[in-house]
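Quick note: the sequence shown uses my numbering, first residue 4, plus one each step. The beta carbon of each residue, even a glycine, is placed where N, CA and C say it ideally should be. One structure is given below, encoded as structure tokens.
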Amino acid sequence: MDFRLTEEQLALQAAARRYVRERLQPLAAQIDREDVPPPRPLVREYAAMGFLGINVRPEHGGLGLGNLEALLVLEEFAKCSSALAFPVFESCVGPVRAIERFAGEALRRRIVPRVCAGELVVAVAMSEPNAGSALTDLTTRAETRGERVVLNGTKRWCSGGGHADAYVVYCRMSPDPGAKGIGAVLVEKGAPGLSFGEPEHLMGFRGIPSSDLYFDACEVPLENVIVPAGGFRKMMEAFDLERCGNATMALSQASGALEDVLRYVQERKQFDKPLVDFQAVQLKLAEMQMRVEAARLLIWRAAVGAGDGLPDVLDSSVAKCFANEIAREVCGNAIQLMGGYGYSREYPMERRLRDAWGWGIAGGAIDIQKVNIAAAMIGRRFDQRR
């Protein structure tokens with residue numbers, strides 16, 4: 004067991020860090036202030052630099068590297084801005100990976116290479132007004148009619164809603180109850196019968212558009228079916244990788260906060276000496292460092308343990324849950340150490356805290372991860388309805 008990164012991984016990490024510092028850092032505050040997504044030319048620039056589809060197979064337009072390499076790059080981008088990192092997230096650990104792994108060859112070749120080239124943005128539509136944590140309660144339906152699939156229903160809390168070019172829609176595709184009736188369909192923007200609600204205004208995640216999706220006899224080709232009814236388990240296996248991405252986005256807020264506050268306490272003076280010379284500050288820095296390092300190692304364990312496949316639910320849930328919790332704590336402590344400067348919108352720390360709180364809600368709330376962890380430990384799912 005070797006915890007050291009290889010020379011190639013270190014070089015990739017350094018290249019991402021350099022690009023973020025020189026190209027993206029000046030844009031982060033503006034993206035947050037204006038609440039707009041990264042412009043499409045910038046996303047295509049990501050692709051040209053090799054930062055999209057890092058772990059996607061070369062025949063589908065990716066670099067063919069591992070999940071760990073993708074997460075190394077994602078952390079560097081997300082330390083700057085969740086919104087500026089989101090295209091990397093979507094192309095490496097998001098719904099496009101479910102398309103790559105489970106969809107038919109025609110759909111894979113039509114969608115995945117364009118995502119890796121920065122030409123297409125794909126979002127996931129899972130939650131509904133009455134189905135969030137209880138995802139198997141979803142009611143959006145997809146009915147096969149000859150060579151077409153017709154969808155009816157509503158999706159909520161869709162990151163990318165109204166902005167993405169296509170949506171991986173979890174829906175009920177048979178009358179079978181619970182997970183047995185659920186599959187997934189790709190719905191492209193502009194499909195007849197698809198419309199969007201008003202943009203959401205969230206506490207954080209500014210620059211990551213979100214809105215409701217409405218399907219009113221929305222028609223798509225039959226080849227857009229990613230998995231049929233009964234494929235819910237497969238989709239959730241792909242979602243275990245997305246949990247690692249969520250964990251990395253949370254970790255990035257903490258690791259970025261730690262880097263920022265470390266500089267601050269060495270420069271800021273009170274009582275004629277730098278803040279870092281006070282023992283109380285030293286103890287707080289040490290605690291923050293321990294939490295960041297532990298979260299990072301848990302994420303890396305999940306990624307490396309999966310090899311070229313998908314992480315298991317136990318490793319990915321442990322990583323996500325821990326990273327979500329420590330991100331809130333570390334960012335809160337960083338604000339406290341920076342005082343008024345940490346609380347000011349002129350500095351990125353308050354943005355980090357807002358985003359850190361959101362990652363513990365998105366992609367399965369913290370307590371749901373704990374239920375997943377207990378279920379994996381015991382070896383059976385728990386029926387929350389009884």
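Of the residues C334, V228, D168, the one placed nearest R117, counting alpha carbons only: Residue 117 sits at position 114 when you count from the first residue of the sequence shown. For the residues C334, V228, D168, the minimum Cα distance to R117 belongs to D168.
Buried or exposed: where does S136 fall if 16 or more other Cβ atoms within 10 Å of its Cβ makes it buried? If you number the sequence shown from 1, residue 136 lands on position 133. So S136 ends up on the exposed side.
Which runs of the beta strand (DSSP E) fall wholly inside the segment 94-154 and span at least 3 residues, in chain order? 125-128, 144-148
Going by DSSP in three states, P41 sits in which element: helix, strand or coil? Against the sequence shown, residue 41 aligns to sequence position 38. P41: coil per DSSP, three-state reduction.
Closest Cα partner of G156 within the set L123, E226, I102, G200: Your numbering for residue 156 matches position 153 in the sequence shown. It is G200.
Distance check for P42 and T9, CA to CA, integer angstroms please. For this step, residue 9 is matched to residue 6 along the sequence shown. For this step, residue 42 is matched to residue 39 along the sequence shown. T9 and P42: Cα-Cα distance of roughly 33 Å.
Pick out the complete beta strand (DSSP E) segments inside the segment 144-225, 3 residues or longer, and give them in chain order. 144-148, 151-162, 169-175, 185-191, 197-199, 213-224
DSSP puts P29 in a beta bridge; with which residues? Locating residue 29 in the sequence shown gives position 26, where the first residue counts as 1. The partner list for P29 (beta bridge, DSSP) is empty, contrary to what the question assumes.
How would you call P178, buried or exposed, if buried means at least 16 neighbouring beta carbons within 10 angstroms? Position 175 of the sequence shown, counted from the first residue, corresponds to residue 178. Exposed, since its Cβ has fewer than 16 Cβ neighbours within 10 Å.
Taking DSSP's pairing of strands, which residues face Q273 in a bridge? On the sequence shown, position 270 is the one that residue 273 refers to. For Q273, which the question treats as bridged, DSSP gives the partners K276.
Which word fits T142, buried or exposed, when buried means at least 16 other C-beta atoms lie within 10 angstroms of its C-beta? Taking the first residue of the sequence shown as 1, we reach residue 142 at position 139. So T142 counts as exposed.
Relative to the alpha-carbon of Y253, which residue among K323, I371, V152 has its alpha-carbon at the smallest distance? Translated into the one-based positions of the sequence shown, residue 253 becomes position 250. In the sequence as displayed, the identity of residue 253 is Ala instead of Tyr. If we check each option's Cα against that of A253, K323 comes out closest.
Say the cut is 8 Å; is the CB of H63 nearer than that to a heavy atom of the ligand MN? Absence of the ligand MN from the depicted structure is noted, as is the absence of any ligand whatsoever, leaving it without description.
Sequence ranges, alpha helix (DSSP H) only - wholly within the segment 301-358, length at least 4: 316-341, 343-346
Give the range of the beta strand (DSSP E) segment to which V59 is assigned. By one-based count along the sequence shown, residue 59 stands at place 56. Here V59 belongs to no beta strand (DSSP E), and DSSP marks it neither H nor E.
First and last residue of the alpha helix (DSSP H) that includes V76? Position 73 of the sequence shown holds residue 76. Run containing V76: 70-83, per the alpha helix (DSSP H) assignment.
Pull up the distance between the alpha-carbon of E150 and that of L66, whole angstroms please. Residue numbering aside, residue 150 sits at position 147 when the sequence shown is read from its first letter. Residue numbering aside, residue 66 sits at position 63 when the sequence shown is read from its first letter. The straight-line gap from Cα to Cα measures roughly 34 Å.
Assign Q372 to one of two classes, buried (16 or more other C-beta atoms within 10 Å of its C-beta) or exposed (fewer than that). Counting from one through the sequence shown, the residue named residue 372 turns up at place 369. Q372 should be labelled buried.
How long is the line joining the alpha carbons of I338 and V279, rounded to whole angstroms? As a first step, residue 338 must be located in the sequence shown, where it is residue number 335. As a first step, residue 279 must be located in the sequence shown, where it is residue number 276. Going by the C-alpha atoms only, they are around 15 Å apart.
V23 - containing alpha helix (DSSP H), residue span: Reading the sequence shown from its first residue, position 20 is the one you call residue 23. Counting along the chain, V23 falls outside any alpha helix (DSSP H), and DSSP gives it neither H nor E.
Assigned secondary structure, I376 (DSSP; H/G/I helix, E/B strand, else coil): Residue 376 sits at position 373 when you count from the first residue of the sequence shown. Three-state result, I376: helix.
Residue of L301, L13, G308, Q28 minimising C-alpha distance to V76: As a working note, residue 76 is residue 73 in the sequence shown. Closest option to V76, Cα to Cα, is L13.
Can you find a CB in chain B that lies within less than 9 Å of the CB of C95? Checking the listed chains, one finds no chain B in this structure; it contains a single protein chain.
For I229, the three-state DSSP class (helix, strand or coil): For the purposes of this step, residue 229 is identified with residue 226 of the sequence shown, where counting begins at 1. Reduced to three states, the DSSP call for I229 is strand.
Can you give me the C-alpha to C-alpha distance between I376 and E270, rounded to a whole angstrom? Position 373 of the sequence shown, counting from 1, holds the residue named residue 376. Position 267 of the sequence shown, counting from 1, holds the residue named residue 270. Roughly 42 Å between the two C-alpha positions.
For S432 versus A250, is the C-beta spacing smaller than 9 Å? Given a span of 4 to 389 for the chain in the structure shown, any question on residue 432 remains unanswerable.
Relative to the C-alpha of G186, which residue among L216, S213, Y170, P231 is closest? Counting from 1 along the sequence shown, the entry for residue 186 is found at position 183. Of L216, S213, Y170, P231, the residue nearest in Cα terms is P231.
Given 8 Å as the limit, is there contact between the segment 103-115 and the segment 215-228, that is, 3 or more CB pairs closer than that? yes
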